[in-house]
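Asks: When you line the sequence shown up against the numbering used here, it's residues 2 to 280, in that order. Glycine included, every Cβ here is placed at the ideal spot set by N, Cα and C. Please find one structure pasted underneath; my questions will follow.
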Amino acid sequence: MPAPPYIELGRGKSRIQIPILYEDRSVIAIDKPPGWLVAPADWDRTSRNLQRAIEESIVRRSFWVKSRNLKFLRFVHRLDAETTGVLLLVKSRGAVKPYSELFERKRVLKLYLAVVHGLVEEDQWICALPLKEITKPCPKVIVDLKQGKPATTQFHKLAHWTHPGLGPLSLVAAIPETGRTHQIRVHLASSGHPLVGDSLYGGKQTRTLASFGLRSVALKYRDPFTQQMVSITAPVVEFLRQFGLQTIPEMLMDLQVALVKLAPVGKTESRTRPADSMQ
């Protein structure tokens, strides 16, 4: 039997099948669902540790594992627990370093879709506000112009509409040039447009809509072994319809083309409200 187009985690009623978006000899890219933490397997602060669940499936020799003769599968970059979409996993220990270095050396083009509060006025902009992680009064990331680490994100407005429960919303494409924790979330909140569902940084939730407004929809990189260009995309229609956007922007009909069109940005602009600048 051919290998199934998914990975399967958990057992019994907690079993979940996660779609595979792309696979080659070195990697598997999955469509990460919400609520799963991407962290080392021995990180015990959650029962929904994606890496631990993968390793348990490998030990059990689940069908999706056995059919591929997998003995190893590990993440090489991270998505926040509630963020969905493209997550790249490598199939061997020997692939961990080369693929991790692609991300560390900024050789991976990443495209996210963000559903934010309010009507975004700019068609495109770059936010380069430096970011700092803090632990008190609660763990989060803040803008800190003196001690923050460099962080840059390109943004493009794609659409706007009105949601009956949330009011005016905008769809923004985000291309992070750096990979700081919560980078897109904080840069959007600092521009006055927090992500829908992101209560940590000012986003709203409703009883009828529990979705988180950030999705990783495309990755593009040069395979470190074959030197071939690889483009991986994730579905967007259902994600956007959760937030009441029925007409999908034409640019998103082909995400590989969108990556090329959206990557170049002209004028750089760092926007912040006065209250955010010196935390």
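Who are the near neighbours of G11 in its chain, counting only those whose CB is closer than 7 angstroms to its CB and skipping five residues on each side?
Replies: I17, A54
Asks: On the DSSP letters alone, give me the boundaries of the beta strand (DSSP E) that Y222 sits inside.
Replies: 215–223
Asks: Here's the rule: buried if 16 or more other CB atoms are within 10 angstroms of the residue's CB, otherwise exposed. What is C128?
Replies: buried
Asks: Leaving out five residues before and five after R274 in sequence, what residues of the same chain have Cβ atoms less than 8 angstroms from its Cβ?
Replies: With a pLDDT of 37 at R274, under the threshold of 50, the modelled position of that residue is not reliable, and no figure is offered here.
Asks: DSSP three-state call for L246: helix, strand or coil?
Replies: coil
Asks: Can you tell me the Cα-Cα spacing of S48 and S101, whole angstroms?
Replies: 25 angstroms
Asks: Compute the distance between the beta-carbons of L189 and L172, then report whether it is under 9 angstroms.
Replies: no
Asks: Name the residue from L246, P177, R108 whose alpha carbon lies nearest to the alpha carbon of P165.
Replies: L246
Asks: Have a look at A174 and A4 and give me their C-alpha separation to the nearest angstrom.
Replies: 34 angstroms
Asks: Taking its Cβ as the centre, do 16 or more other Cβ atoms sit within 10 Å of R61, making it buried, or is it exposed?
Replies: By the 10 Å Cβ count, R61 comes out exposed.
Asks: Measuring straight from C-alpha to C-alpha, what distance separates H78 and F104?
Replies: Going by the C-alpha atoms only, they are around 7 angstroms apart.
Asks: Once you ignore the five residues that flank A30 on each side, which residues in its own chain have a CB closer than 6 angstroms to its CB?
Replies: L22, Y23, V87, L89, I233
Asks: If you draw a straight line from the alpha carbon of L167 to that of L120, how long is it in whole angstroms?
Replies: Distance between the alpha carbons of L167 and L120 is about 12 angstroms.
Asks: Starting from W126, trace the beta strand (DSSP E) in both directions and tell me its first and last residue.
Replies: 125–128
Asks: Taking the beta strand (DSSP E) that L253 falls in, what are its first and last residues?
Replies: Annotation: L253 is outside any beta strand (DSSP E) and is labelled neither H nor E by DSSP.
Asks: Cβ of R216 within 9 angstroms of Cβ of Y113?
Replies: yes
Asks: Label W44 either buried or exposed according to how many other C-beta atoms from any shown protein chain fall within 10 Å of its C-beta, with 16 as the threshold for buried.
Replies: Around the beta carbon of W44, a 10 Å sphere encloses fewer than 16 other beta carbons of the protein chains shown; the residue is thus reported as exposed.
Asks: Buried or exposed: which applies to S27, given that a residue is buried once 16 or more other Cβ atoms fall within 10 Å of its Cβ?
Replies: buried
Asks: Excluding sequence positions up to five away, which residues of its chain have a Cβ less than 8 angstroms from the Cβ of E178?
Replies: For E178, where only same-chain residues beyond five positions count, the Cβ hits under 8 angstroms are K107, T153, T154, Q155.
Asks: Is it the case that the Cβ atoms of R181 and L132 are separated by a distance below 9 angstroms?
Replies: yes
Asks: Looking only at its own chain, which residues have a Cβ that is under 8 angstroms from the Cβ of K268, when we skip the five neighbours before and after it?
Replies: Caution is warranted here: a pLDDT of 35 is assigned to K268, below 50, making its placement in the model unreliable, and the coordinate value is therefore given only provisionally. Result list for K268: W126, I127, in chain order.
Asks: Give me the Cβ distance between P34 and I19, rounded to the nearest whole Å; I'm assuming they're in contact under 8 angstroms.
Replies: About 6 angstroms separates the beta carbon of P34 from that of I19, a gap short enough to meet the 8 angstroms contact definition.
Asks: Residues in its own chain within less than 7 angstroms of S271 by CB, not counting five upstream and five downstream?
Replies: Summary for S271: the model assigns pLDDT 41, below 50, so the residue's position carries little reliability; its value from the coordinates is reported in the next sentence. Excluding sequence neighbours, S271 sits near C128, A129, L130.
Asks: If you draw a straight line from the alpha carbon of I59 to that of M230, how long is it in whole angstroms?
Replies: One alpha carbon belongs to I59, the other to M230, and they sit about 29 angstroms apart.
Asks: With which residues is R75 paired in a DSSP beta bridge?
Replies: V91
Asks: Which same chain residues, not among the five before or five after E83, have their C-beta less than 6 angstroms away from its C-beta?
Replies: P35, F213
Asks: Would you list the one or two residues that DSSP bridges to N50?
Replies: For N50, which the question treats as bridged, DSSP gives the partners L38.
Asks: Going by the CB atoms, is the gap between V142 and Q1 shorter than 9 angstroms?
Replies: The displayed coordinates of the chain run from 2 to 280. Any statement about residue 1 would go beyond what the structure contains.
Asks: Where do the N-terminal and C-terminal ends of the beta strand (DSSP E) with H164 fall, by residue?
Replies: It spans 154–164 - the beta strand (DSSP E) in which H164 sits, taken as one unbroken run.
Asks: Excluding sequence positions up to five away, which residues of its chain have a Cβ less than 8 angstroms from the Cβ of Y222?
Replies: L103, R108, V109, L110, M230, V231
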